Amino acid sequence: MDADSPPALFKKYSQLLDKNTIIKELNYTELECTKQHSLLKDKVWSCCPKNWKPFSSHCYFTVSDSASWSESEGKCSSMGAHLMVIHNQEEQDFITKILDPKAAYYIGLLDAGHRQWRWVDQTPYNESATFWHQGEPSYDYEQCVIINHRYSGWGWNDIDCSDKDRSVCQMKKIYF
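Just so we're aligned: 1254 in the working numbering is position 11 of the sequence shown, and the numbers increase by one with no gaps anywhere.
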């Protein structure tokens, strides 16, 4: 079946109608999409909400309003996202290129108690793929994590969860 034939276009239209419910749930009126070669059968467009930054299989949004960790996670959740999760050097490098080095940003890492770090999306915390500043994490009462820039470069710092900082939200890309 030719990709531009009426049956193929109708099939795509039907798929878009199915996806429309997802978009309505996310409250986004505009998506920015790129065509790609995909292993996902019949899914060749990857999309992020307008003004979100695409990277790998996710979309990222920096929130410039300062808030506590829980308020920041709530803001992300209201957009159908969660605070950013960083599992590798590529993700760390990507996000630091779009952040303001004079600001600090909450990420989705939390101390569940006794230095038992947990990601908000429940993915495993891998000690060998962390980017703590030297001397961090420091105090037991600091149970939330920011990414910030110091003289030595970008890294993570544990802080009190009530501190007001900016944040980075993350969601999975939408595929059509």
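For each residue, glycine too, the CB sits at the ideal point set by N, CA and C. Since this is a predicted model, take the numbers as computed values, not measurements.
Based on DSSP bridge pairs, tell me the residues matched to W1288. Partner residues in the beta bridge of W1288, as assigned by DSSP, are K1278.
Can you look up T1305 in the DSSP assignment and give me helix, strand or coil? strand
Selected residue, minimal CA-CA separation from D1406, among C1276, A1310 and F1304: A1310
Uninterrupted beta strand (DSSP E) stretches inside the region 1310-1359 (no shorter than 3 residues): If you keep only unbroken beta strand (DSSP E) runs of at least 3 residues inside the region 1310-1359, you get 1348-1354.
Using 10 angstroms around the beta-carbon of I1341, count the other beta-carbons present and answer buried if the total reaches 16, otherwise exposed. exposed
Straight-line Cα distance separating F1304 from F1419: 21 Å
Is E1268 buried or exposed, if buried means 16 or more other CB atoms sit within 10 Å of its CB? Model confidence at E1268 stands at a pLDDT of 49, short of 50, so the residue's coordinates are unreliable; what they give is reported in the following sentence. With fewer than 16 other Cβ atoms within 10 Å, it is exposed.
In terms of residues, what are the limits of the beta strand (DSSP E) holding H1376? No beta strand (DSSP E) holds H1376; DSSP gives it neither H nor E.
How many whole angstroms separate the CB atoms of T1373 and W1399, which I take to be in contact at a CB cut-off of 8 Å? The beta carbons of T1373 and W1399 sit about 7 Å from each other, so the pair counts as a contact at 8 Å.
Which residue from I1329, K1416, S1307 and K1415 puts its Cα closest to that of D1408? Of the residues I1329, K1416, S1307 and K1415, the one whose Cα lies closest to the Cα of D1408 is S1307.
Once you ignore the five residues that flank C1276 on each side, which residues in its own chain have a CB closer than 6 Å to its CB? W1288 and C1290
Which term fits Y1349, buried or exposed, when burial requires 16 or more other beta carbons within 10 angstroms of its beta carbon? Flag for Y1349 reads buried.
Would DSSP call S1410 helix, strand or coil? strand
Please indicate yes or no: does the CB of S1311 lie closer than 7 Å to some heavy atom of the ligand NAD? Absence of the ligand NAD from the depicted structure is noted, as is the absence of any ligand whatsoever, leaving it without description.
C-beta contact flag for G1351 and V1363 at 8 Å: yes
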